[in-house]
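Numbering (the numbering used here), first residue to last: 1053 to 1464.
Backbone N, C-alpha and C define an ideal beta-carbon position, used for all residues, glycine too.
Written out below as structure tokens is the structure these notes cover.
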């Protein structure tokens, strides 16, 4: 079995190396030049994905193709019976449906809304990398049930995953899952054919599709076929199934190995952490965190990396290890280091702010590193990118800016 498994992995490695070489050749030849990547919009749900999809769906949009792209979308989504008189359809982005109430069951903004003159609607909740918000889909359901005759809510994600129970507020209602990887890519292929005679639109859709494939990290068609051929061969089936059956164990090992490397790295910067806590994080235990303390710098504060709840995601910060906290007056004097796009993340509990892990850029919504069960994050753990981010953005920042020492002075 071990020999067969090694043979399978060697064959897969060959395909991966060929895929990397192909991508490099395309990059060197300029084939991968993409305006959305240049403008750093690839993962921006609102400014790129919601905006672009809404523009294509709009019968009155500047693409000049009237209802053709919308018709294709409805067919792909199996929603031909929801909207009528398509030339009357109004498309709205970030549709405001009121202030969010204390109960969290009313209000908010719906990403994309398609409405016809008969008060029928399609609502799309777009999730590229963002987390589910508490009772978010429940708020949309409550609004739609009051304001539309016929409606359907789509939960759009990369791979078509189900919304969290938290987003649905524990309630049971119809919410259709859909994916970028299959449904949207299929629709975009149709759009490319439909727009063939409108070159500017056609080229833009092609570039957007290329951008999407890059985000999804999808193999080329030839590599994908070759991979499937290898892993489903009779002599490889047992090895393939063994990998699938032990997926959670494999993922845990990747996380644990990464955390052991992190503890070694942290030690070089004068920090120490608990191996048992690292094991809890590798297990994705609820309310687990890794405390990296530096007694020579501070007795009351430390760097924390953790996950408060399974749905919330992994974050990092500096916070108190004891009851000692900075005063509100002292807090105002401290410069926010993390989560700077959100001033509310700088509080007495988190004097320098806090942020989720996103990607190597650190920009909000730029990746899924806050999900430690996600292949994108596991890949970043294994190839050193997540470790490099922690070193440069957390450990070095803490040491070079003397953040722990500054907090010690603030509580004296």
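- Here the alpha carbons of residue 1444 and residue 1393 stand approximately 19 Å from one another.
- In the structure shown, residue 1450 falls within a helical segment according to DSSP collapsed to helix, strand and coil.
- About 6 Å separates the CB atoms of residue 1149 and residue 1162; that is less than 8 Å, so the two are in contact.
- Residue 1404 is a Cβ neighbour of residue 1389, given a cutoff of 9 Å.
- The Cβ-Cβ distance between residue 1324 and residue 1430 does not fall below 9 Å.
- Pairing residue 1108 with residue 1298, the inter-Cα distance amounts to about 42 Å.
- Per DSSP, reduced to three states, the secondary structure at residue 1153 is coil, with no helix or strand assignment.
- Residue 1166 carries a strand assignment under DSSP once its states are collapsed to helix, strand and coil.
- Sequence-distant Cβ neighbours of residue 1423 in its own chain, meaning closer than 8 Å and more than five residues away, are 1365, 1366 and 1429.
- Boundaries of the alpha helix (DSSP H) around residue 1385: 1380 to 1385.
- The alpha-carbon of residue 1349 is positioned some 19 Å away from that of residue 1382.
- Beta-bridge partners assigned by DSSP to residue 1144: 1165.
- Nearest Cα to residue 1379 within the set 1460, 1104, 1440 and 1301: 1460.
- Under the three-state reduction of DSSP output, residue 1204 falls in the strand class.
- In the DSSP secondary-structure assignment, residue 1429 is not bridged to any residue.
- Contact between the segment 1435 to 1443 and the segment 1314 to 1333 is established, with three or more Cβ pairs separated by less than 8 Å.
- Residues 1126, 1141, 1166, 1168, 1172 and 1174 of the same chain have their beta carbon placed closer than 7 Å to that of residue 1135, with the five preceding and five following residues left out of the count.
- Taking a C-beta distance under 9 Å as the contact criterion, residue 1198 and residue 1155 do not qualify as a contact pair.
- Our two residues, residue 1231 and residue 1241, have alpha carbons roughly 14 Å apart in a direct line.
- With fewer than 16 other CB atoms across the displayed protein chains lying within 10 angstroms of its CB, residue 1287 is exposed.
- Put simply, the backbone Cα of residue 1438 is about 18 Å away from that of residue 1331.
- Remark: C-beta atoms of residue 1253 and residue 1447 do not approach each other more closely than 9 Å.
- Nearest to residue 1233 by alpha-carbon distance, out of 1207, 1222 and 1211, is 1211.
- Taking 9 Å as the cut-off, the beta carbon of residue 1433 is found closer than this to the beta carbon of residue 1306.
- Unbroken alpha helix (DSSP H) stretches of 4 residues or longer found wholly inside the segment 1183 to 1237: 1188 to 1199, given in chain order.
- By the criterion of a C-beta distance shorter than 8 Å, residue 1308 is surrounded in its chain by 1330, 1331 and 1334, once the five residues flanking it on both sides are discounted.
- Scanning the segment 1333 to 1375 from its first residue to its last, the whole beta strand (DSSP E) runs of 3-plus residues come out as 1340 to 1344, 1353 to 1359 and 1367 to 1372.
- Taking the CA atoms as reference points, residue 1282 sits about 24 Å from residue 1266.
- Residues of the same chain with a CB within less than 8 Å of the CB of residue 1435, apart from the 5 flanking positions on each side, do not exist.
- Taking all protein chains in view, the Cβ of residue 1290 is surrounded by fewer than 16 other Cβ atoms within 10 Å, so the residue is classified as exposed.
- In the DSSP assignment, residue 1175 forms a beta bridge with 1165 and 1205.
- Residue 1407 is bridged by DSSP to 1368.
- The beta carbon of residue 1119 sits closer than 7 Å to those of 1111, 1138 and 1139, all from its chain and outside the five residues before and after it, given in chain order.
- In this structure, residue 1458 sits away from residue 1344, with a CB-CB distance that is not shorter than 9 Å.
- Per the C-alpha coordinates, the member of 1418, 1216, 1352 and 1453 positioned closest to residue 1375 is 1352.
- In the DSSP assignment, residue 1310 falls within the alpha helix (DSSP H) that extends over 1299 to 1320.
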